[in-house]
Structures are given as structure tokens and as C-alpha cells.
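J.: Below are the C-alpha cells for one structure; questions will follow.
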Amino acid sequence: MKDEAYFKQLAHQLMFELSDEEAADIKKEFETLNKQLELLENVNTEGVEEMVYPFETPTSFLREDCVENVVSVEDALKNVHKSRARHVLVPKVVK
Amino acid sequence: MATMLEMMKSNVEKNVSEALKKAQDVQGKLNAVVTFVDPTEQLENYNKNGLMAGVPIVLKDNVCTKGIETTASSGILQGYVPIYNAHIVDRLQAEGAIVIAKSSMDELAMGGTNKTAYTGPVHNPYDLDRISGGSSGGSAALVAAGVVPFAIGSDTGDSVRKPASFCGICGVKPTYGRISRYGIIPYSSSLDHVGYFTRSVRDAAVALEVLAGRDDRDMTSSFEPVPHYLDQVKGNLKGKKLAILKNVVDVIENKEILDCFNKVVEEVKKQGAEVKEVELNEDLMKAMLPTYYLIANCEATANHSNLDGIRFGLQKEAKSCEDVMIASRTEGFGSLIKKRFVIGSYGLFEENQDKLFRKAQKVRRLIVEELKNALDGLDGILAPASGTVAPKIEDQNQDDLSDSYLVAENHMVLGNFSGYPSATIPMGEVGGLPIGLNITCHPFDEGNMFDILRGIELITGLEDKIKEVL
Numbered sequence: 002m003k004d005e006a007y008f009k010q011l012a013h014q015l016m017f018e019l020s021d022e023e024a025a026d027i028k029k030e031f032e033t034l035n036k037q038l039e040l041l042e043n044v045n046t047e048g049v050e051e052m053v054y055p056f057e058t059p060t061s062f063l064r065e066d067c068v069e070n071v072v073s074v075e076d077a078l079k080n081v082h083k084s085r086a087r088h089v090l091v092p093k094v095v096k
Numbered sequence: 093m094a095t096m097l098e099m100m101k102s103n104v105e106k107n108v109s110e111a112l113k114k115a116q117d118v119q120g121k122l123n124a125v126v127t128f129v130d131p132t133e134q135l136e137n138y139n140k141n142g143l144m145a146g147v148p149i150v151l152k153d154n155v156c157t158k159g160i161e162t163t164a165s166s167g168i169l170q171g172y173v174p175i176y177n178a179h180i181v182d183r184l185q186a187e188g189a190i191v192i193a194k195s196s197m198d199e200l201a202m203g204g205t206n207k208t209a210y211t212g213p214v215h216n217p218y219d220l221d222r223i224s225g226g227s228s229g230g231s232a233a234l235v236a237a238g239v240v241p242f243a244i245g246s247d248t249g250d251s252v253r254k255p256a257s258f259c260g261i262c263g264v265k266p267t268y269g270r271i272s273r274y275g276i277i278p279y280s281s282s283l284d285h286v287g288y289f290t291r292s293v294r295d296a297a298v299a300l301e302v303l304a305g306r307d308d309r310d311m312t313s314s315f316e317p318v319p320h321y322l323d324q325v326k327g328n329l330k331g332k333k334l335a336i337l338k339n340v341v342d343v344i345e346n347k348e349i350l351d352c353f354n355k356v357v358e359e360v361k362k363q364g365a366e367v368k369e370v371e372l373n374e375d376l377m378k379a380m381l382p383t384y385y386l387i388a389n390c391e392a393t394a395n396h397s398n399l400d401g402i403r404f405g406l407q408k409e410a411k412s413c414e415d416v417m418i419a420s421r422t423e424g425f426g427s428l429i430k431k432r433f434v435i436g437s438y439g440l441f442e443e444n445q446d447k448l449f450r451k452a453q454k455v456r457r458l459i460v461e462e463l464k465n466a467l468d469g470l471d472g473i474l475a476p477a478s479g480t481v482a483p484k485i486e487d488q489n490q491d492d493l494s495d496s497y498l499v500a501e502n503h504m505v506l507g508n509f510s511g512y513p514s515a516t517i518p519m520g521e522v523g524g525l526p527i528g529l530n531i532t533c534h535p536f537d538e539g540n541m542f543d544i545l546r547g548i549e550l551i552t553g554l555e556d557k558i559k560e561v562l
């Protein structure tokens, strides 16, 4: 059984923190989830292909080599909190 | 307020102005709107000959709208103002629709209650102490309350069809690929559909003609031609071949809901439809929820890795890039979202992928094959949309492992696994609260689906039913 510390560590890898209460709640949720997963395990899937999309129709095509749907630098920066010289400004990375 | 088709014949400016005022007036009771939209500019330029000329509409807040804040009801997207429109916004506006508001939803569309929106829960017009359902709960409540005759939702598990049931309106999830998802903030890409609400089946047919069609910016959108659906909507049930989904009916505990459903089915038979029963494999039906939960959460955790607090939305100050992301995501996401991301990430671990994520994808194929076989020779499969009326806001979920929860409350995910078109329309009331009937049909057979639903709508007489809340 995974403990709260395990889930806090997992959350950290996902780039957010869990409160003690949230970690305890996830631990409890996993108990229910594990029981539900038994229902999944009951199904024999030997030789069955994964279903990734509802239909088997192709979803990728070669298109004409022309420029379209371009986002300008100005537009791309409109939602950025800080920018400088047409770039996103973030805290210094190299120390 | 009238149906969309009726409204187009009357004074547009008055209709739009009244809709906006009503949306503002009911906000204190329903809490269904996240952002009100000034329609002045749209009214100067709308297409007076379009299929939705002058119709006031609402968009779910996961639909990107150029220049209008779009949050998906999540703190992490506070302040995000898209630089482009979703494909469907351009389509709706090209046909003359006027957007008056962005509606509340479960955070990032993950949930079935609309209790997780960062602006607080949406209230059901029929009983303000009850949920509207989710995740498209704001849109559903606004259509049910007669604010607008049409609203956009999105449906990954049943997020249009369940709120439609709880609010007594039509909720349509068309075939996967029928409507482009370009510009819709994603949840689970292999299950996400654009859906919508109306108060009449005929309006639903018109709306799909507006929304459907190939869009090169969504590679999964279909090349299937878009028919004039309304031409197919006659409401004649004679000769239609239908079946009742026995697995669902067998586990519903609310006798009044079953009685109402059975009465409607008897009338459907009297109108000349052939109605039999179909039963899907029980183990597969019970596996629907964990299959959905794994696929949806695994895909969601990957899709939402771009919500980093750097390029858009909420940003918390910190000393490093990594700390900015951690602080922003910690504050920006609600607890339920964090839980789902943790579960999704767990399912994607290399050591878990085969027994969890890939296993779920295989079970999904088996479930879809089972549904396809059941539909063979039929026009559609019917079931009550839910085994309950809208729960109270303070209620917790039912027993997560009971058959009535696993099957009756989750069966509409069949339409998302398969991509088959599915819709809910009102069939009656229990204790003054609406209940819905659901149908699932063959891919790209929406015209036939609307025709059947129109026949049922004529039986129930529940076209354009409005619940005033003022």
C-alpha cells in the first residue's frame, strides 16, 4: 500500500505540491481504485489490440508545403506575464 | 424565450438584450456564468441569413474565444485571453449566432457535478439546492432556465448528456470527429467531443449542420459530408428498430424513473417502432468506469503539462523557473484535478503501463465491439440517462463499487469509447425534477437519431420546456 509520502513525491514530479489532506484523500481514492481495477483485471484481453481512437480512419496527411495558421511573436507574448526583447522572461536559469 | 427556430423570426436586438439581462438576473441564483460578453459589436455585423441568425448563445468556458478570457473554470487559467477562436466559434458566428456569455464548468471539464469550478457550484434551475450536473453544468442550467435556446458543452464521459438529464433539456454528443475540437481546451483527446444543449430536437438538428464538418486544424475531424439534418427530422417512429439496454434498466433502483421510461417505450411501440432488449457482457459493463478513469486521467495528465504558469494563465513569483511552475500549479489546480493527475501519472509509469493504461485501452476495444454487435440491425439503443434525479449539492457520490453506480451512472461513456452519436432528451419528472432518456446510434447517423428523438419528443410533449428561476 502506497503512503502519503509516496503521493507527495509523485505530485512533486508532476510539478505541484499536495497538502497533507490532499495526500490522505488520494491514498483513500487509491483503495477504491484498486478495487475497481480488479474489475478490469477480470476481463481477458489476450490477443486484443489497444484502442487508441474510436475509428481506424487515418488522421495524418501530407499537405501542401505552404505557410498557414501562423502565430505572430506579438500574439504569442500577449498572455506572458513578463517579456523582454520579444522573448518570454523567466527567472535566471544559469547561476 | 422560445426555441432557436422560433426566435430567428423575431426581433434580434430585443432577444439578445433580454437574454443578456436574464443571464445577469439569474446569476445570483444559478452561478452559471463565468464571463458575460458584450454583444454590441456582434450585433452590428452578424449574418442575417445564417442558420442561427441573431440567436443568443452561450459557450462553455473551455472554448477559446479571441479577446475574451477563457479559464475552463480553473484557477490556473485565470487571466488567459486567447489570441484565436475555436473552430466552432467561427462556425457559429458565420451563421449569425451572438455569444452573450461563457459558462461555468467542472474544472478543466473533469467531473460530473459542476462543484469543482473555481467560481463555485452551479445550481439546478429546478431546485437551487441541487447540482446541474457536469461538467457542462453552466450551459445546461442556462438553457433550462430559458436564458438562451442553445449552449455549447463538451462531453468526455457524459458531460453533456448527464446535465441534460438533470436539467430537463436536449443534450447532444455527435459522432467522434463530426465537430472539430480546434480551440477547445482538451481533457482526454481520444474521448473528448464537442456537444451542445437545446430545448428542442429540431433545434439540435439545425445546430449540428452549423457545427459539423472537416477542419484541417483538428486532424481527427471527419471528411464525412454534412447533410441538411432538419430534412430528416419527421418524428415518424414507424418501422424504427430500437432496443432497450437491459444492463442499465436492471440495476436502476428508482422505480419512478423506470416507470416513466417504460411508459415512454410503450408509446414508442404504439407508434410502430420495434423495440427489443439487448444485454451487453456484464463484466465489460462493470469495467467501464475503471477503463474510463484510467484512459481519461492518463491522457489528461499529459495534455495539461502545458499549464505551467509561464506562458499564460496564473503565475506565482518564485526564484527559479521550476519553482514558478510548482507554485503556480500548486495554487492553480483544485484538489480533484491534482488527484486525477496523480492517478493518470501512476497509470503511465513504465512499470504500470501494461497492466493499467494499455489494459484499459484493450478493454475499451472489447466494450466497443460489444456495443457494435448489439447495435447490429438496430437504429438505436435506449436507456434512462441516469438512475437518479439531480443530487443535492452537499451529497457525496453513491457507493463507487455498486452495480447501480458502475453501470447505471456510467453507461453513457459507451458513446465516448465508441465515438458513436448519443443524445439525451427529457422524458418526464420525478418529484418535480427532470429525468432524461438516452439514445446511442450508428456513427454519422445523427439524422436518424434526431428523427427518432423527435418522435419521442412528440410523445412526451416536452419540447421547449423552461424552468423559470426568477
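Read top to bottom, the protein sequences are chains A and B.
Numbers given in the numbering used here equal positions in the first sequence, counted from 1, plus 1.
Numbers given in the numbering used here equal positions in the second sequence, counted from 1, plus 92.
No residue lacks a Cβ here, since even glycine has one placed at the ideal position from N, Cα and C.
By how many angstroms is the C-alpha of Lys93 of chain A removed from the C-alpha of Pro255 of chain B?
T.: Your numbering for residue 255 of chain B matches position 163 in the second sequence. Your numbering for residue 93 of chain A matches position 92 in the first sequence. Rounded to the nearest angstrom, the two C-alpha atoms are 47 Å apart.
J.: By the criterion of Cβ-Cβ separation under 9 Å, what are the contact partners of Leu63 of chain A in chain B?
T.: Taking the first residue of the first sequence as 1, we reach residue 63 of chain A at position 62. What Leu63 of chain A touches in chain B: nothing, since even the nearest Cβ is about 12 Å away.
J.: Going by C-alpha to C-alpha distance, which of B:Ile192, B:Ile402, B:Leu386 and B:Met100 sits closest to Gln134 of chain B?
T.: As a first step, residue 134 of chain B must be located in the second sequence, where it is residue number 42. Ranking B:Ile192, B:Ile402, B:Leu386 and B:Met100 by Cα distance to Gln134 of chain B puts B:Ile192 first.
J.: Of the residues B:Ile387, B:Pro476, B:Val235 and B:Asp415, which one's Cα is nearest the Cα of Phe449 of chain B?
T.: As a working mapping, residue 449 of chain B is identified with position 357 in the second sequence. Out of B:Ile387, B:Pro476, B:Val235 and B:Asp415, B:Ile387 has the C-alpha closest to the C-alpha of Phe449 of chain B.
J.: Using only alpha-carbon positions, find the residue among B:Ala145, B:Ile402, B:Gly469 and B:Leu376 that is nearest to Gly331 of chain B.
T.: Locating residue 331 of chain B in the second sequence gives position 239, where the first residue counts as 1. When the alpha-carbon of Gly331 of chain B is set against those of B:Ala145, B:Ile402, B:Gly469 and B:Leu376, the nearest one is in B:Gly469.
J.: Which same chain residues end up closer than 6 Å to Val252 of chain B when comparing Cβ atoms and leaving out the 5 residues on each side of it in sequence?
T.: Start at 1 with the first residue of the second sequence, and residue 252 of chain B comes out as number 160. These residues qualify, in order along the chain: Ser228, Gly245, Gly263, Lys265 and Gly287.
J.: What residues in the region 250 to 282 of chain B bring their beta carbon closer than 8 Å to a beta carbon of chain A?
T.: Tyr268, Gly269 and Ser282
J.: Determine, using beta carbons only, whether Gln37 of chain A comes closer than 7 Å to chain B.
T.: For the purposes of this step, residue 37 of chain A is identified with residue 36 of the first sequence, where counting begins at 1. Yes, contact with chain B.
J.: Using CA atoms only, rank isn't needed, just tell me which of B:Ala410, B:Glu187 and B:Ala201 is closest to Ala304 of chain B.
T.: Locating residue 304 of chain B in the second sequence gives position 212, where the first residue counts as 1. Checked all of B:Ala410, B:Glu187 and B:Ala201; the closest Cα to Ala304 of chain B is B:Glu187.
J.: Name the chain A residues whose beta carbon is nearer than 7 Å to that of Arg306 of chain B?
T.: Here residue 306 of chain B is taken as the residue at index 214 of the second sequence, counted from 1. The premise fails here: Arg306 of chain B is roughly 11 Å from chain A at the closest Cβ pair, so nothing lies under 7 Å.
J.: Establish whether the CB of His82 of chain A and some CB of chain B are separated by less than 7 Å.
T.: To locate residue 82 of chain A, count along the first sequence from 1; it is residue 81. Yes, its Cβ sits closer than 7 Å to a Cβ of chain B.
J.: How would you list, in chain order, the residues of chain B whose beta-carbon sits under 8 Å from the beta-carbon of Lys79 of chain A?
T.: As a first step, residue 79 of chain A must be located in the first sequence, where it is residue number 78. Per Cβ cutoff of 8 Å: Val173 and Ile175.
J.: Among all the DSSP beta bridges, which residues are the ones paired with Tyr288 of chain B?
T.: Against the second sequence, residue 288 of chain B aligns to sequence position 196. Note: Tyr288 of chain B sits in a beta bridge opposite B:Ile244 and B:Val264.
J.: Mind listing the chain B neighbours of Ala25 of chain A? Cutoff is C-beta to C-beta under 9 Å, in chain order.
T.: Mapped onto the first sequence, residue 25 of chain A falls at position 24. Going along chain B, no residue has its Cβ under 9 Å from Ala25 of chain A, so there is no contact; the nearest lies around 11 Å.
J.: From Ala466 of chain B to Met202 of chain B, what distance separates their C-alpha atoms?
T.: Taking the second sequence and counting its residues from 1, one reaches residue 466 of chain B at position 374. Taking the second sequence and counting its residues from 1, one reaches residue 202 of chain B at position 110. Computed Cα separation, rounded: 29 Å.
J.: State the Cα-Cα distance for the pair Arg71 of chain B and Lys361 of chain B, rounded to the nearest angstrom.
T.: In the structure displayed, chain B extends from 93 to 562; residue 71 of chain B sits before or after that span and is not available.
J.: Determine which residues of the region 520 to 538 of chain B have a Cβ less than 9 Å from any Cβ of chain A, and write them out in chain order.
T.: Pro535
J.: Does chain A have any CB closer than 7 Å to the CB of Arg457 of chain B?
T.: Taking the first residue of the second sequence as position 1, residue 457 of chain B is located at position 365. Yes, contact with chain A.
J.: Give every residue of the same chain whose Cβ lies closer than 6 Å to the Cβ of Ile277 of chain B, excluding the five residues on either side of it in the sequence, and list them in chain order.
T.: As a working mapping, residue 277 of chain B is identified with position 185 in the second sequence. Only Asn154 and Ala164 meet the Cβ criterion.
J.: Give a yes or no on whether 7 Å exceeds the smallest Cβ distance from Asp66 of chain A to chain B.
T.: Taking the first residue of the first sequence as 1, we reach residue 66 of chain A at position 65. Not one chain B Cβ lies under 7 Å of Asp66 of chain A.
J.: Give the C-beta separation of His329 of chain B and Gln363 of chain B to the nearest angstrom, bearing in mind that I take them to be a contact with Cβ-Cβ under 8 Å.
T.: Taking the first residue of the second sequence as 1, we reach residue 329 of chain B at position 237. Taking the first residue of the second sequence as 1, we reach residue 363 of chain B at position 271. Position check: residue 329 of chain B holds Leu in this sequence, whereas His was assumed. Confirmed, Cβ separation roughly 4 Å.
J.: Compare the Cα-Cα distances from Leu184 of chain B to each of B:Thr208, B:Ser196 and B:Val147 and report the closest residue.
T.: Your numbering for residue 184 of chain B matches position 92 in the second sequence. That would be B:Val147, whose Cα lies nearest to the Cα of Leu184 of chain B.
J.: Check each candidate in B:Glu161, B:Arg270 and B:Leu372 and name the one with the smallest Cα separation from Phe315 of chain B.
T.: On the second sequence, residue 315 of chain B is found 223 positions in, with the first residue counted as 1. Residue B:Arg270 is the option with its Cα nearest to Phe315 of chain B.
J.: If you draw a straight line from the C-alpha of Ile223 of chain B to the C-alpha of Lys484 of chain B, how long is it?
T.: Residue numbering aside, residue 223 of chain B sits at position 131 when the second sequence is read from its first letter. Residue numbering aside, residue 484 of chain B sits at position 392 when the second sequence is read from its first letter. One C-alpha to the other measures close to 6 Å.
J.: Are the C-beta atoms of Ala86 of chain A and some chain B residue less than 7 Å apart?
T.: If you number the first sequence from 1, residue 86 of chain A lands on position 85. Not an interface residue.
J.: Could you compute how far the alpha carbon of Asp117 of chain B sits from the alpha carbon of Leu337 of chain B?
T.: Here residue 117 of chain B is taken as the residue at index 25 of the second sequence, counted from 1. Here residue 337 of chain B is taken as the residue at index 245 of the second sequence, counted from 1. One C-alpha to the other measures close to 41 Å.
J.: Scan the region 501 to 515 of chain B for residues whose Cβ lies nearer than 9 Å to a Cβ of chain A and list them as they occur along the chain.
T.: Asn508, Phe509, Ser510, Gly511 and Tyr512
J.: Establish whether the CB of Ile544 of chain B and some CB of chain A are separated by less than 7 Å.
T.: Residue numbering aside, residue 544 of chain B sits at position 452 when the second sequence is read from its first letter. Answer no: the Cβ-Cβ gap between Ile544 of chain B and chain A never drops below 7 Å.
J.: Return yes when the Cβ of Ala296 of chain B is within less than 7 Å of the Cβ of Cys259 of chain B, no when it is not.
T.: Position 167 of the second sequence, counting from 1, holds the residue named residue 259 of chain B. Position 204 of the second sequence, counting from 1, holds the residue named residue 296 of chain B. Contact flag unset, no.
J.: Counting only the same chain and skipping the five closest in sequence on each side, list residues whose C-beta sits under 6 Å from that of Ala24 of chain A.
T.: The residue you call residue 24 of chain A lines up with position 23 of the first sequence. Cβ within range, chain order: Glu5, Phe8 and Lys9.
J.: For Phe242 of chain B and Ile261 of chain B, I'd like the C-alpha separation in whole angstroms.
T.: As a working note, residue 242 of chain B is residue 150 in the second sequence. As a working note, residue 261 of chain B is residue 169 in the second sequence. Roughly 10 Å separates the two Cα atoms.
J.: Cα separation between Lys207 of chain B and Val214 of chain B?
T.: Counting from 1 along the second sequence, the entry for residue 207 of chain B is found at position 115. Counting from 1 along the second sequence, the entry for residue 214 of chain B is found at position 122. Each residue's alpha carbon lies about 7 Å from the other.
J.: Reducing DSSP to helix, strand and coil, say where Val191 of chain B ends up.
T.: In the second sequence, residue 191 of chain B corresponds to position 99, counting from 1. DSSP places Val191 of chain B in strand when its eight states are reduced to three.
J.: Output the boundary residues of the beta strand (DSSP E) element that contains Cys533 of chain B.
T.: By 1-based counting over the second sequence, the position of residue 533 of chain B is 441. It spans Leu525 to Cys533 - the beta strand (DSSP E) in which Cys533 of chain B sits, taken as one unbroken run.
J.: Under three-state DSSP, which class holds Leu566 of chain B?
T.: Residue 566 of chain B lies beyond the stretch modelled for chain B, which goes from 93 to 562, so this question has no answer here.
J.: Return the residue from the list B:Cys156, B:Arg403, B:Ser282 and B:Gly225 that minimises the CA-CA distance to Lys194 of chain B.
T.: Residue mapping note: residue 194 of chain B aligns to position 102 of the second sequence, counting from 1. Among B:Cys156, B:Arg403, B:Ser282 and B:Gly225, the Cα nearest to that of Lys194 of chain B is on B:Cys156.
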